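One structure below.
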Amino acid sequence: MITKWFVDIANVHTFPLLAFLSSAVINFAVPSGGGHWVVQGPFVMPAAQALGADLGKAAMAIAYGEAWTNMAQPFWALPALAIAGLGVRDIMGYCVTTLLFSGVVFVAGMYLF
Numbered sequence: 007m008i009t010k011w012f013v014d015i016a017n018v019h020t021f022p023l024l025a026f027l028s029s030a031v032i033n034f035a036v037p038s039g040g041g042h043w044v045v046q047g048p049f050v051m052p053a054a055q056a057l058g059a060d061l062g063k064a065a066m067a068i069a070y071g072e073a074w075t076n077m078a079q080p081f082w083a084l085p086a087l088a089i090a091g092l093g094v095r096d097i098m099g100y101c102v103t104t105l106l107f108s109g110v111v112f113v114a115g116m117y118l119f
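Residue numbers (the working numbering): 7 to 119.
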């Protein structure tokens, strides 16, 4: 069902961007990289095959989307924040700024390469 939806709305050129964005959204519910693949891989990869899209690019779009939104979820920084005596609010502005600028880089990279 989800695979069919991807095939219906995407083409070979827009598919990596849609996979990237769906990966970013799913990452808020499933922040684990391995769990993320279990959830998203079974519908993104068959959709890529059905569209004739590059499977490597589809796989990287999933990974990039997952990594991209990790910048807005600073769980990775919690130990360092505790040692430094800082809170999450102290770094969220930097995290969101990095998220926005790197999003442009990720999207441009998927279209150019």
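Even for Gly, the Cβ is constructed at its ideal location relative to N, Cα and C. Computed from a predicted model, the values in this text were never measured in an experiment.
Problem set entry | 8 Å Cβ cutoff met for Ala-78 and Leu-57 | Numbered from 1 along the sequence shown, position 72 holds the residue referred to as residue 78. Numbered from 1 along the sequence shown, position 51 holds the residue referred to as residue 57. Their beta carbons are not under 8 Å apart, which means Ala-78 does not touch Leu-57 by this criterion.
Exercise. For Tyr-70, is the classification buried or exposed, using 16 other Cβ atoms within 10 angstroms of its Cβ as the cut-off for buried?
Worked result: As a position in the sequence shown, residue 70 is number 64, starting the count at 1. Under this definition Tyr-70 is a buried residue.
For this session: Please report how far the alpha carbon of Pro-52 lies from the alpha carbon of Thr-9, in whole angstroms.
Result: As a position in the sequence shown, residue 52 is number 46, starting the count at 1. As a position in the sequence shown, residue 9 is number 3, starting the count at 1. Rounded to the nearest angstrom, the two C-alpha atoms are 7 Å apart.
Problem set entry | Cβ-based burial, Trp-11 [other Cβ within 10 Å; buried from 16] | As a first step, residue 11 is located in the sequence shown; it is residue number 5 there, counting from the start. Around the beta carbon of Trp-11, fewer than 16 other beta carbons sit within 10 angstroms, so the residue counts as exposed.
For this session: Report yes or no: do three or more beta-carbon pairs, one from the segment 40–52 and one from the segment 86–103, lie closer than 8 Å?
Result: Inter-segment contact for the segment 40–52 and the segment 86–103 is absent: fewer than three beta-carbon pairs are separated by less than 8 Å.
Exercise. Taking the runs of the alpha helix (DSSP H) that are 4 residues or longer, which of them lie wholly in the segment 35–60?
Worked result: Listed in chain order, they are 39–57.
Exercise. Which one of Val-13, Ile-68, Leu-61 has the shortest CA to CA distance from Pro-37?
Worked result: The residue labelled residue 37 in the question sits at position 31 within the sequence shown. For Pro-37, the nearest C-alpha among the options comes from Ile-68.
For this session: Out of Thr-20, Phe-119, Gly-39, state which residue places its alpha-carbon closest to the alpha-carbon of Asn-76.
Result: One-based indexing of the sequence shown puts residue 76 at position 70. Among Thr-20, Phe-119, Gly-39, the Cα nearest to that of Asn-76 is on Gly-39.
For this session: Inspect the beta-carbon positions of Ser-108 and Trp-74 and report whether they are closer than 8 Å.
Result: Counted from its first residue, the sequence shown places residue 108 at position 102. Counted from its first residue, the sequence shown places residue 74 at position 68. With contacts defined by Cβ atoms closer than 8 Å, Ser-108 and Trp-74 form a contacting pair.
Exercise. Can you name, in chain order, every residue of its own chain whose Cβ lies under 8 Å from the Cβ of Ile-97, other than the five neighbours on each side?
Worked result: Mapped onto the sequence shown, residue 97 falls at position 91. In its chain, beyond the 5 residues on either side, Pro-80, Ala-83, Leu-87 have a beta carbon closer than 8 Å to the beta carbon of Ile-97.
For this session: Would you kindly check if the distance between the Cβ of Ile-32 and the Cβ of Val-45 is under 8 Å?
Result: Counting from one through the sequence shown, the residue named residue 45 turns up at place 39. Counting from one through the sequence shown, the residue named residue 32 turns up at place 26. Yes; because the gap between Cβ atoms is below 8 Å, this pair is in contact.
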